[in-house]
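Using the numbering used here, you'd call the opening residue of the sequence shown number 4 and step up by one each time.
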Amino acid sequence: MPTYSYRCTECGTAFDIQQAFTDDSLTECPNCGGKLRKLFNSVGVTFNGSGFYRTDSRTTPSDGGSASSSSSESSSTPAAPAPAAGGSTTSSSD
4 MPTYSYRCTE
14 CGTAFDIQQA
24 FTDDSLTECP
34 NCGGKLRKLF
44 NSVGVTFNGS
54 GFYRTDSRTT
64 PSDGGSASSS
74 SSESSSTPAA
84 PAPAAGGSTT
94 SSSD
């Protein structure tokens, strides 16, 4: 159940209460009987990781494009073939 914050417009009393989505909003202050106003706060959700930020797919102007510099670095260094696991495939003794 979500927690809602209320503040009285007359006496300034503020409080939080858990209510279901189907419950009606409170309208009367429990202290003075004045009118209540629902307070809205920022949402406590953060999205972390790749793909959530607008700048993830953009290149920065300082490096001139990360995609082109990474491809030139990988092409300047030839990759050696990986050795086969489990030993040699040719045998010298038959």
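Backbone N, C-alpha and C fix where the C-beta goes; we use that ideal spot for every residue, glycine too.
Note that the coordinates shown come from a computational prediction; the quantities given were computed from them, not determined experimentally.
In the DSSP assignment, LYS41 falls within the beta strand (DSSP E) that extends over 39–42.
Distance from the CA of ARG40 to the CA of PHE50, rounded to the nearest whole angstrom, comes to 30 Å.
In the structure shown, CYS14 adopts coil according to DSSP, grouped into three states.
From the listed residues VAL48, PHE43, GLN21 and THR12, the smallest Cα separation to CYS32 is found for THR12. With distances taken between CA atoms, GLY37 lies nearest to ALA17 out of THR25, ASP27, PHE43 and ALA17.
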